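Beneath this line is the structure, given in structure tokens, with notes to follow.
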Amino acid sequence: MKTIKRNVSFIMLLLFGVLITTLTSCSSDNEEGGKSSEIIKTLKANKWISKDASMGEGNNDHVWVDVESTTLYFTSDNAGVIYWVQKDYDSDLGNNHTYDYEPFTYTVDGNKVIVKTETHTKDLTLSGNYLSDNSGVYEASPISSGDYELLNKISPKTGKCGNSLSYIYYPKTHVLSIYGTGKMKDFSTTNQPWHDLYIENVEIQDGCTSIGANAFTNIQHVTSVELPRTLTEIGANSFAGTLITKLTIYDNVIKIGEGAFFGCNYLKTVYLSDNIEEIGADAFHACPVSETAFSLPKTLKHIGDRAFMGWKIGTLTLNNDLETIGNACFTGVKGTISIPNSVKSIGGLAFEGSFNKVVIGTGLSALAKSAFASTASSGQFYVNLGVPLAMDGCIFSGNVSDDDIQKKWTLYVPKGSKTAYSNNEYWKRFGNIIEDASLTSGNGEATDTDNNGTGESGKDDGELVPLFPQHYNLIFFIST
Numbered sequence: 098m099k100t101i102k103r104n105v106s107f108i109m110l111l112l113f114g115v116l117i118t119t120l121t122s123c124s125s126d127n128e129e130g131g132k133s134s135e136i137i138k139t140l141k142a143n144k145w146i147s148k149d150a151s152m153g154e155g156n157n158d159h160v161w162v163d164v165e166s167t168t169l170y171f172t173s174d175n176a177g178v179i180y181w182v183q184k185d186y187d188s189d190l191g192n193n194h195t196y197d198y199e200p201f202t203y204t205v206d207g208n209k210v211i212v213k214t215e216t217h218t219k220d221l222t223l224s225g226n227y228l229s230d231n232s233g234v235y236e237a238s239p240i241s242s243g244d245y246e247l248l249n250k251i252s253p254k255t256g257k258c259g260n261s262l263s264y265i266y267y268p269k270t271h272v273l274s275i276y277g278t279g280k281m282k283d284f285s286t287t288n289q290p291w292h293d294l295y296i297e298n299v300e301i302q303d304g305c306t307s308i309g310a311n312a313f314t315n316i317q318h319v320t321s322v323e324l325p326r327t328l329t330e331i332g333a334n335s336f337a338g339t340l341i342t343k344l345t346i347y348d349n350v351i352k353i354g355e356g357a358f359f360g361c362n363y364l365k366t367v368y369l370s371d372n373i374e375e376i377g378a379d380a381f382h383a384c385p386v387s388e389t390a391f392s393l394p395k396t397l398k399h400i401g402d403r404a405f406m407g408w409k410i411g412t413l414t415l416n417n418d419l420e421t422i423g424n425a426c427f428t429g430v431k432g433t434i435s436i437p438n439s440v441k442s443i444g445g446l447a448f449e450g451s452f453n454k455v456v457i458g459t460g461l462s463a464l465a466k467s468a469f470a471s472t473a474s475s476g477q478f479y480v481n482l483g484v485p486l487a488m489d490g491c492i493f494s495g496n497v498s499d500d501d502i503q504k505k506w507t508l509y510v511p512k513g514s515k516t517a518y519s520n521n522e523y524w525k526r527f528g529n530i531i532e533d534a535s536l537t538s539g540n541g542e543a544t545d546t547d548n549n550g551t552g553e554s555g556k557d558d559g560e561l562v563p564l565f566p567q568h569y570n571l572i573f574f575i576s577t
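Using this note's numbering, the letters of the sequence shown correspond one by one to residues 98 to 577.
In structure tokens form, the structure reads like this:
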């Protein structure tokens, strides 16, 4: 019996390992350029085939024959495909057909053709209709319609995706690689140049500075993405609806666009750039990320609506540069929520979870109704604001009436401002209001006549003090 069958990978490595020779040629630059063009034209006009056959006999009239062929297809001015086929004919084991292929790049130097795969470099010499080295010969043969059908399936797909960015897709590995420099173009959800390709892995090389809007929207076979360290911006909806599970965003990124990773239902691990300044609405909406402790990037200023909705945040640490927090941003928050002094506005349902303590900083000027939704049975709410913020509804929201939730919490206010909070329609709904001398006021001092939370105050003699400082000149236009 035949005891040893050829291993495809071993034969490929053996074949490529022996395809090495050295040839030098000298000519002028113009002569070399013209000669190289002619050689490239010849290479592309043909397929180049090398064949080998072996046979043997075993016991009991057992015979076998192996026929191997390797074909080089030069599909462009600098790239191609190696296609290898082995056909086994065995009287005991039957017939078998095995094939493999691998992309390559090549350059021409004189009559030397330098072929490079991912792991090997080979030097071949062109002479007439033959490419050769010390171990074998590839003979030119006309390309048939069947070859074109094969190449359409196995050859890399290339194109442009920016002024100085290109892409190459490898059908064998389902990898899309983007290379070059600068910004990627923006796309619609159906006109990406790779829209009809079966892509599993996306590799974006260093040099790319931005990912275009809708670049991979709903290309649902994408399971992994490698982002470059040169990236500064991720466009709107760029990876929405993909199947990625892990994401690393390096420190040059300063903006993540709206919906960039919206609906990535398998994205469980995210490493954020520490220099991000803006995260757009729905950027990570519906991503099942779970954190025991989550700290925002140090330079983050703006968080759009629902940016992290669906995450299980755990203990949340907000950064000291943060200015705006949109609607329904954070879910699954536990423990204490400390709003930095830098924060100016907080949207509705901005925080949802089981937190039992909230501390409001001195810079807040806009607080939406139902900004907080906690399942805690009670809690403490501290405000570093002497004048109650104007509200158009209750501060809390939940499964029971908003009034009932707010009554379970105690409000702590700066010294001298209890009366103003007690007279405010919505702030007075806390179960208890206590003055705390450790709190400071970031928006002025309240008085007994400050009943409505507008920020106006009065003198004892009833004379109104102007709301605006005297150095402002206000002009009112009244139309009739």
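No residue lacks a Cβ here, since even glycine has one placed at the ideal position from N, Cα and C.
Bear in mind that the values here come from a model prediction, so they are computed numbers and not experimental data.
Candidates the options, of which the one nearest residue i by Cα
i: SER519; options: SER471, THR327, VAL484; result: VAL484
i: VAL456; options: ASN208, THR414, ALA425; result: THR414
i: ASN193; options: GLU199, SER224, LYS184; result: LYS184
i: LYS365; options: ILE376, ALA357, CYS384; result: CYS384
i: LYS257; options: SER387, SER242, LYS280; result: LYS280
i: SER471; options: ASP189, GLN317, LYS505, PHE336; result: LYS505
i: SER285; options: ASN315, SER261, ILE265; result: ASN315
i: SER134; options: THR168, ASN175, PRO394, VAL162; result: ASN175
i: GLY338; options: TYR347, GLY356, LEU324, THR327; result: GLY356
i: GLU323; options: LEU393, ASP149, VAL299, ASP158; result: VAL299
i: THR537; options: TRP145, PHE527, TYR509; result: TYR509
i: THR139; options: SER147, ASP163, LEU228, GLU199; result: LEU228
i: GLY259; options: THR216, LYS282, THR396; result: LYS282
i: TYR186; options: TYR203, ALA150, THR216, GLY476; result: ALA150
i: ASP402; options: PHE359, TYR267, LEU262, TYR523; result: PHE359
i: LYS441; options: GLN477, TYR198, PRO511, LEU482; result: LEU482
i: GLU388; options: ASP379, GLY411, LEU397; result: GLY411
i: ASP489; options: GLY476, ILE502, ASN521, ALA473; result: ASN521
i: GLY49; options: GLY528, ALA543, ILE211; result: Residue numbering for the chain in the displayed model covers 98 to 577; residue 49 lies beyond these limits and cannot be assessed.
Exposure of residue i, with buried meaning 16 or more beta-carbon neighbours within 10 Å
i: MET152; result: exposed
i: VAL160; result: exposed
i: GLU330; result: buried
i: THR459; result: buried
i: HIS318; result: exposed
i: TYR479; result: buried
i: LEU190; result: exposed
i: ILE309; result: Residue 309 is actually Gly in this sequence, not Ile. Classification for GLY309: buried.
i: ALA378; result: buried
DSSP-derived helix/strand/coil call for residue i
i: LEU223; result: strand
i: ASP161; result: The question names Asp, but residue 161 is Trp in the sequence shown. Of the three classes helix, strand and coil, the one that applies to TRP161 here is strand, per DSSP.
i: TYR518; result: helix
i: ALA543; result: coil
i: SER133; result: helix
i: THR327; result: coil
i: LEU169; result: strand
i: LEU140; result: helix
i: ILE502; result: helix
i: VAL484; result: coil
i: ILE434; result: strand
i: THR421; result: strand
i: PHE381; result: coil
i: HIS568; result: Because HIS568 carries a pLDDT of 36, less than 50, the predicted location of this residue cannot be relied on, and no value is offered for it.
i: ASN548; result: Confidence at ASN548 is low in this model, with a pLDDT of 48, below 50, so the placement of that residue should be treated as unreliable; the coordinate-derived value is given next. In this structure, ASN548 counts as coil in the three-state DSSP scheme.
i: ILE353; result: strand
i: LEU340; result: coil
Residue i - partner residues in DSSP beta bridges
i: THR507; result: GLN477, ASN529
i: TRP524; result: Its beta-bridge partners do not exist; DSSP assigns none.
i: HIS194; result: LYS184
i: LEU228; result: LEU223, TYR235
i: LEU262; result: GLY277
i: PRO200; result: VAL178
i: GLU300; result: SER274, GLU323
i: VAL455; result: ILE434, PHE478
Residue span of the alpha helix (DSSP H) that contains residue i, given as start and end
i: SER626; result: Since the first and last residues shown for the chain are 98 and 577, residue 626 lies out of range.
i: LEU273; result: From DSSP, LEU273 is part of no alpha helix (DSSP H) but of the beta strand (DSSP E) over 272 to 277.
i: LEU248; result: 242 to 251
Segment limits, beta strand (DSSP E) that includes residue i
i: TYR347; result: No beta strand (DSSP E) holds TYR347; DSSP gives it neither H nor E.
i: MET152; result: 143 to 154
i: LEU413; result: 411 to 414
i: GLY536; result: Residue identity check: residue 536 is Leu in the sequence provided, not Gly. Counting along the chain, LEU536 falls outside any beta strand (DSSP E), and DSSP gives it neither H nor E.
i: VAL212; result: 209 to 213
i: SER307; result: 305 to 308
i: VAL367; result: 366 to 368
i: SER392; result: 390 to 392
i: SER471; result: 469 to 471
i: PHE448; result: 448 to 450
i: LYS257; result: 254 to 257
Any non-hydrogen atom of the ligand PLP within 8 Å of residue i CB
i: THR507; result: By its list of ligands, the structure shown contains no ligand whatsoever, and the ligand PLP lies outside what it can speak to.
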